[in-house]
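Those sequence lines, one after another, are chains A and B.
Residue 2 is where the first sequence starts when you use my numbering, and the numbers rise one by one after that.
Residue 518 is where the second sequence starts when you use my numbering, and the numbers rise one by one after that.
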Amino acid sequence: MRNESEMHGATPAPGSKPGPKTEVVALSVLHPGERGIVAELLGGRGVLGRMAALGFTPGAEVTIVQNFGHGPLIVLLRDTRVALGRGEAGKVSVIRT
Amino acid sequence: MTTKRNTITIALAGQPNVGKSTLFNLLTGLSQHVGNWPGKTVEQKEGTFTYNGHTYRLVDLPGTYSLTANSAEEIIARDFIIKERPDVVVVVVDAAVLERSLYLVAELLPLPAPTIVALNMMDVAQQEGFHIEPEVLEAALGVKVVPMVATRNVGVRELVEAIDTVVHDDYVYAPKHPEVRADHREVLAQIEALVEGHVPEPYPQDWMALKLLEGDREITRLMQECLPEEQWQQVHSILRQHDDALMAVASGRYEWIGRMIRAAVTRPKVGQIGLTERLDRWATHPFWGLVLLAGILGLIFWLTYTIGAPLQELLDTYVVGGLAELARTWLAGAPAWLSDLIVDGAIGGVGAVLTFLPILVIFFAVMGALEDVGYMARAAYVMDGFMHLMGLHGKSFLPLFLGFGCNVPAVLGARVIESRRARLLTIFLAPLIPCTARMAVVAFLAPAFFGSAATLVSWGMVLLALAVLALSGVLINKIVFRGQRAAFIMELPLYHLPNGRTIGLLIWQRSLAFLKKAGTLILVVSVVVWILSALPGGEIETSFLAQIGHLLEPAGRMMGFDWRLMVALLTGFIAKENSIATLGVLFGSTGLTAGEGAGLAETLAATFPAATALAFLVVQMLFIPCVATVAVVRQETGSWRWTFFNVGFLLLVSWAAGAGVFWLAHLVGL
């Protein structure tokens, strides 16, 4: 599994309010209850097509429902709960809101 | 459209979990016919209903999230609409997940068939706090929108009326079209200009250009064939510069949907904690989720053995046994070989398989209910970690679990897996799940040999089979598939009450499919094996089957087997529990249908050492599956090579494991 921290630069300490500048992180590093706006998706065309159809497009708001730091995640986007492998979630970069 | 024909074809489209099958069942009832789409292992359901003196043919398209060529289902759905030109497409939409389920509508509107939106689950949407105005949505989309609650039969009549209007009156179909995101409109226009005049019938030109921009594999290949080389190069270089266009097209659709929603839906300000969220705190928890799953599985087994097993015995004694009696009396005047062929060969073989129906019905019912409620996606989610070890993901757990009832539905169930690689591997592993027939053999032999340790031995057998399954999965994934892994993306639908009609029809269809298999292929193989066991002399001891057993004895000796145990294994090919019946014949019991004498287990225990018995049980667990399973493996993989590879692998593994266990047991002095 890839190192998730390489997806983003400096991370503020947990709990600190995001500043006025936007912070782009991998979806997989967000904690339950945190939100982000999808910025970019990486991956093969087949996977991207399936993710786009389920609502993962740039600009979509994603809320993390479950993320235990290992195993798959559950996110809520466009009123749908989606289970997502950690590998796939690592390839979605989001703007933390 | 002004055509007035006698049969009107309706295509029923919709994303998964929107209540499409509920609506389909409601409209067609038992008139439905289940088959496969030509050349594909995707289920095709069709049915009819009449309204206003016209017959309507309803074709259930596979449930898909989009119409881009990501899977066989998506290609089937769009090909049907483009090539078969249904008179109307009814697209079912979940009002509680309106934004996402309109995505398929956005894909359907540019296609030539008139579309009606069935706005289902209005009750759930209301519970979730949505306020939807169907008339506003109708005006915004430019197509008919019928609000409904299919589970309570609300709005179905209005839907049929809408269909009637669309196909019969001078209905003008003028849908609004979604556009691609502004930054890609120019590119799309360029592509469309380049392909103009070269798009093969019956594909719409603007749709083809859009699919090219999306990078749709199927359409790209088709247009490469149809375009002159020079133009193709131009198109190709444009597409190469815009390989991110897939997201632009998808975003464009969602932006368009966003405008529709803003017009027609008032959304709740704060989301209250719903039932789904509360249940999921347990059901998807990495620890409690597994505990819950284990509890549910335990309950299924308990149901199977407390209700299914006695029913199976009743069926065996009264129906199969009675039929055999009847046939014997009836054939009293016929030559003995004919009576034996029919009673022992045909009725014995097929009957043995048929007795599994009660167990299967229980399995189908529980699995169907769990699926309908929405739990199955959660089971897949919590099992994802374990399945990862084998390069599979959670979805493969569901078909494999069906295998505990019978391997046949397990192989068939692998259809839910999108990637072919993962589907092949799941099918490959399914025969290693100890089915009820294999467990019956273990349950019969273990007490005779191991007395009070029988339960321990039985559990050991199950664990061994599962361990071999996991190891085989890791191995095959590494060697054959080089460790690739399919992406795991799955919707977790909202929980809702199960629908009896949906589950009932599911049980009916799956059981029917199983019975058909039993009535055809298994009948033939049963008769062939019986003939092998009766010819040339009429005695199994001197039969061709026995000769084969003698031939294989050297391989068996490594596991402590003699030719009779080899023959017993071979006859298990028809149905696993046949092994016991064969042993009954070989060790002096009276015959297949007369049942295995009380003394058989004791005779066996006196004949063979415990090491042999242990090895026999191990081989029985891991041996090649029954003929019905092999047949569906061939059918679902579409490949004899893969089927032979599968069977060969199991032969090798079972032999190696049998020999190993025999040797180990010897070492510890059993």
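Note that the Cβ used here is the ideal one computed from N, Cα and C, for glycine as well.
Contact with chain B by residue i, beta-carbon distance below 8 Å
i	result
A:Val93	no
A:Ala53	yes
A:Gly86	yes
A:Thr98	no
A:Thr23	no
A:Gly34	no
A:Gly72	yes
A:Leu31	no
A:Ile65	no
A:Ile99	As displayed, chain A neither begins before 2 nor continues past 98, which places residue 99 of chain A out of reach and without an answer.
A:Glu62	no
A:Leu49	yes
A:Leu43	no
A:Gly56	yes
Integer Cβ distance of residue i from residue j, believed to fall under 8 Å
i	j	result
B:Val928	B:Val1149	5 Å
A:Gly56	B:Ala1004	With 8 Å as the limit, A:Gly56 and B:Ala1004 do not qualify as a contact, their Cβ atoms being about 15 Å apart.
B:Arg1081	B:Gly1066	7 Å
B:Ala781	B:Leu942	So it is not a contact: roughly 45 Å between Cβ atoms.
B:Leu676	B:Glu624	Contact flag wrong, Cβ pair sits at about 21 Å.
B:Phe566	B:Leu575	7 Å
B:Leu744	B:Val712	7 Å
B:Leu986	B:Leu949	4 Å
B:Gly930	B:Pro951	With a Cβ gap of about 17 Å, B:Gly930 and B:Pro951 do not count as contacting.
B:Ala762	B:Leu621	With 8 Å as the limit, B:Ala762 and B:Leu621 do not qualify as a contact, their Cβ atoms being about 20 Å apart.
Any C-beta of chain A under 8 Å from that of residue i
i	result
B:Gly902	yes
B:Pro695	no
B:Ile708	no
B:His571	no
B:Asn587	yes
B:Ser583	yes
B:Gly968	no
B:Glu1008	yes
B:Glu616	yes
Distance, residue j Cα to residue i Cα
i	j	result
B:Gln707	B:Ala657	28 Å
B:Arg702	B:Pro1142	56 Å
B:Thr823	B:Val899	28 Å
B:Gly838	B:Trp847	14 Å
B:Arg895	B:Met1075	45 Å
B:Ile774	A:Arg97	24 Å
B:Val1044	B:Gly866	8 Å
B:Lys661	B:Leu919	41 Å
B:Ile527	B:Phe541	11 Å
B:Ala1182	B:Ala800	42 Å
B:Ala586	B:Ser936	13 Å
A:Gly44	B:Glu731	15 Å
B:Asp889	B:Ile1020	7 Å
Beta-ladder partner(s) of residue i, from DSSP
i	result
B:Gly564	B:Leu575
B:Met1007	A:Ala84
A:Gln67	A:Ile75
B:Thr524	B:Thr572
B:Ile1048	B:Ile1048 is not bridged to any residue.
B:Gly865	For B:Gly865, which the question treats as bridged, DSSP gives no partner whatsoever.
B:Ile708	According to DSSP, which records beta bridges pairwise, B:Ile708 is partnered with nothing at all.
Close beta carbons around residue i, own chain, < 7 Å, minus the five adjacent residues each side
i	result
B:Arg1027	Phe881 and Pro926
A:Gln67	Pro33, Leu74 and Ile75
A:Pro59	Val39, Ala40 and Glu41
B:Gly891	Pro1010, Leu1011, Tyr1012 and His1013
B:Thr737	Leu729
B:Ile934	Lys912, Ser913, Arg940 and Thr943
Spatial neighbours of residue i in its chain, beta-carbon cut-off 8 Å, leaving aside the 5 residues before and after
i	result
B:Val1185	none
B:Leu1049	Ser1060, Phe1061, Leu1062 and Ile1065
B:Val1170	Val985, Ser989 and Leu1139
B:Leu1188	The structure shown has nothing for residue 1188 of chain B, since chain B only spans 518 to 1187.
B:Leu1168	Phe1140 and Ile1141
Own chain partners of residue i with C-beta closer than 6 Å, once the 5 adjacent residues on each side are dropped
i	result
B:Val716	Gln722 and Met725
B:Ile883	In the sequence as displayed, the identity of residue 883 of chain B is Val instead of Ile. So the list reads Ile817, once near-sequence residues are dropped.
B:Leu1022	Asn542
A:Thr23	Ile96
B:Leu807	Val899
Cutoff 8 Å: residue i Cβ touching any chain D Cβ
i	result
B:Ala965	No chain D appears in this structure, whose protein chains are A and B.
Cβ-heavy atom distance, residue i to the ligand ZN, below 7 Å
i	result
A:Pro33	Annotation note on the ligand ZN: not contained in the displayed structure, which lists no ligands.
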